[in-house]
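A.B. asks: Residue numbers (my numbering): 175 to 545. Backbone N, C-alpha and C fix where the C-beta goes; we use that ideal spot for every residue, glycine too. All values reported here derive from a predicted model rather than from experimental measurement. Here's a structure for you.
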Amino acid sequence: MNRNFTIGRIAGIRISFNWSWLIVFALLVWIWSTSVFPSQDPGLSSATYLVMSVIAAIVFFLSIILHEIGHSLVARRNGMQIEGITLWLFGGVAQFREMFRSPGAEFRIGIAGPAVSLALGAFFAGMARLTTFSTALSGTLAWLGYINLLLLVFNLLPALPLDGGRVLRAALWKAKGDFAWATRIAAACGRGFGYLMIGSGAFVVLATGSLSGVWLALIGWFLLGAAGGETRYLKAAEALAGLHVRDLMTREPVTAPADETLGEFADSLSGLTRHSTYPVVSNGDVLGLLPLGAISNRPRGEWGDRLVRDSMLARDRIPVLDSEDSAENALNELVGGEIHRGLVLQDGRLVGFISISDVGRILNQRSAFRR
Ligand SMILES: [Zn+2]
175 MNRNFTIGRI AGIRISFNWS WLIVFALLVW IWSTSVFPSQ DPGLSSATYL VMSVIAAIVF
235 FLSIILHEIG HSLVARRNGM QIEGITLWLF GGVAQFREMF RSPGAEFRIG IAGPAVSLAL
295 GAFFAGMARL TTFSTALSGT LAWLGYINLL LLVFNLLPAL PLDGGRVLRA ALWKAKGDFA
355 WATRIAAACG RGFGYLMIGS GAFVVLATGS LSGVWLALIG WFLLGAAGGE TRYLKAAEAL
415 AGLHVRDLMT REPVTAPADE TLGEFADSLS GLTRHSTYPV VSNGDVLGLL PLGAISNRPR
475 GEWGDRLVRD SMLARDRIPV LDSEDSAENA LNELVGGEIH RGLVLQDGRL VGFISISDVG
535 RILNQRSAFR R
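Have a look at this one:
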């Protein structure tokens, strides 16, 4: 489930989609062309239904991207960094690189996406109603209006991590000034809605034999997991409170000179403790990270003559942290990164590197300490 493909950037925000979206796309086209459009607009040919469904699915896909861009632009205006937008099985997820700064900021960011969906839904529904296009075009527009409004209603459920859950958390956070308490309540609502959807989905399947209940149950299952993720994240953030990257990093790491061959570098390591990655340097500049797998997994004849710089992960593909960054920020960056390891700089100079297991070790120690 973790394969994401980047399709481009809009307003500087990276847009990716998870392969699971291809399945959803195919399912939507199938269901819409064989049952939704034939019952909404009877009498058209099956080729017409197929075209309507493909166009509707593409525009729906763009609508979800616009919804997430709404969140992202408002987030940026509220001083938050945006990692990117990923579309996956049940819609879009805007990835933020840090926590919300205030209840007001979370409220504005949370409501921005539904505002876009409302505008899109009203636009498509209005076009379908007020204009006189062919049946096929009006039908497609009407359906797009309907599903955008459905997306709006679903996202406004007061269940974290849905948008309505963010609005709820912002309100509770504002009322009591306690972010952790507000998160627990809003995430509990998320789990409640999750169970409710699984229950009603199962009921629909059993009582009517209709498979639409399966969708509802799946969405409920996703919501259950995501709400649990919010609570786990909160626990991690609480355990890491007050810690900085400098407290967790490996200091003065062994570095790999960019212009050595892998063979030369491997020889220089003999007798030293092996790490799984090595920062790559050249004339005092840090260029990237060399994974140990690049040299140890295959027979030496295959890699001995290659240069370190040709085998490394370049710096723009790995998290680069400052030693003064918060441990929570480091966790966010490392979780999102390709290899879960990052470089640590101080005033532009390499001072260490950090891996997600460094953060995990502290999390284990601190939660064991609390028990
Ligand atoms: Zn949203």
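1) Measuring from each Cβ to the nearest heavy atom of ligand 1, keep the ones under 6 Å and list them in chain order.
2) What does a CB cutoff of less than 7 Å around glycine 182 pick up in its chain, not counting 5 residues either side in sequence?
3) Determine whether the beta carbon atoms of phenylalanine 527 and proline 465 lie at a separation below 7 Å.
4) Please list, in chain order, all residues of the same chain as leucine 487 whose beta carbon is under 6 Å from its beta carbon, the five residues on each side excluded.
5) Drop a sphere of 10 angstroms on the beta-carbon of phenylalanine 298, count the other beta-carbons inside from all chains shown, and report buried for 16 or more, exposed for fewer.
6) Indicate whether the contact test is met: 3 or more Cβ pairs, each with one atom in the stretch 484-504 and one in the stretch 409-425, closer than 8 Å.
7) Check this for me: beta carbons of glycine 162 and leucine 346, under 7 Å apart or not?
8) Which value, in whole angstroms, describes the spacing of the CA atoms of valine 388 and alanine 289?
9) Taking C-alpha atoms, which residue in Arg282, Ala361 and Leu325 lies nearest to leucine 334?
10) Helix, strand or coil, according to DSSP, for arginine 545 in the structure here?
11) Hey, out of Asp521, Gly437 and Pro212, whose CA is closest to alanine 310's CA?
12) For ligand 2, is there any heavy atom lying closer than 6 Å to the beta carbon of serine 531?
13) Locate the beta strand (DSSP E) running through serine 190, then write down its first and last residues.
14) According to DSSP, is leucine 414 part of a helix, a strand, or is it coil?
15) When the Cα atoms are used, what is the spatial distance from tryptophan 477 to glutamate 434?
16) Could you check whether glycine 368 and leucine 398 sit closer than 7 Å to each other, using their CB atoms as the reference points?
C.D. replies: With the given structure in hand:
1) His241, His245, Gly287, Asn329 and Asp337
2) The count along the sequence shown starts at 1 and reaches residue 182 at position 8. Answer for glycine 182: Ile189, listed in chain order.
3) As a first step, residue 527 is located in the sequence shown; it is residue number 353 there, counting from the start. As a first step, residue 465 is located in the sequence shown; it is residue number 291 there, counting from the start. No, the pair does not count as a contact, with Cβ atoms beyond the cut-off.
4) One-based indexing of the sequence shown puts residue 487 at position 313. Only Gly462 and Leu463 meet the Cβ criterion.
5) For the purposes of this step, residue 298 is taken as the residue at position 124 of the sequence shown. The residue is buried, with at least 16 neighbouring Cβ atoms inside 10 Å.
6) yes
7) The first residue shown for the chain is 175 and the last is 545, placing residue 162 beyond what the model contains.
8) Within the sequence shown, residue 388 is the residue found at index 214, counting from 1. Within the sequence shown, residue 289 is the residue found at index 115, counting from 1. Whole-angstrom Cα-Cα distance: 28 Å.
9) Here residue 334 refers to the residue found at position 160 of the sequence shown. Nearest of Arg282, Ala361 and Leu325 to leucine 334, Cα basis: Ala361.
10) Sequence index remark: in the sequence shown, residue 545 carries index 371 (1-based). Annotation note: pLDDT 40 at arginine 545 (below 50); position unreliable, no value reported.
11) Taking the sequence shown and counting its residues from 1, the one referred to as residue 310 is at position 136. The candidate whose alpha carbon is nearest that of alanine 310 is Pro212.
12) Ligand 2 is not part of this structure, which contains only ligand 1.
13) Against the sequence shown, residue 190 aligns to sequence position 16. Where serine 190 is concerned, the enclosing beta strand (DSSP E) stretches over 187-192.
14) Translated into the one-based positions of the sequence shown, residue 414 becomes position 240. Residue state, collapsed to three classes: helix.
15) The count along the sequence shown starts at 1 and reaches residue 477 at position 303. The count along the sequence shown starts at 1 and reaches residue 434 at position 260. Cα-Cα distance, rounded: 12 Å.
16) Numbered from its first residue, the sequence shown carries residue 398 at position 224. Numbered from its first residue, the sequence shown carries residue 368 at position 194. Against a cut-off of 7 Å, the Cβ pair of glycine 368 and leucine 398 comes out as a contact.
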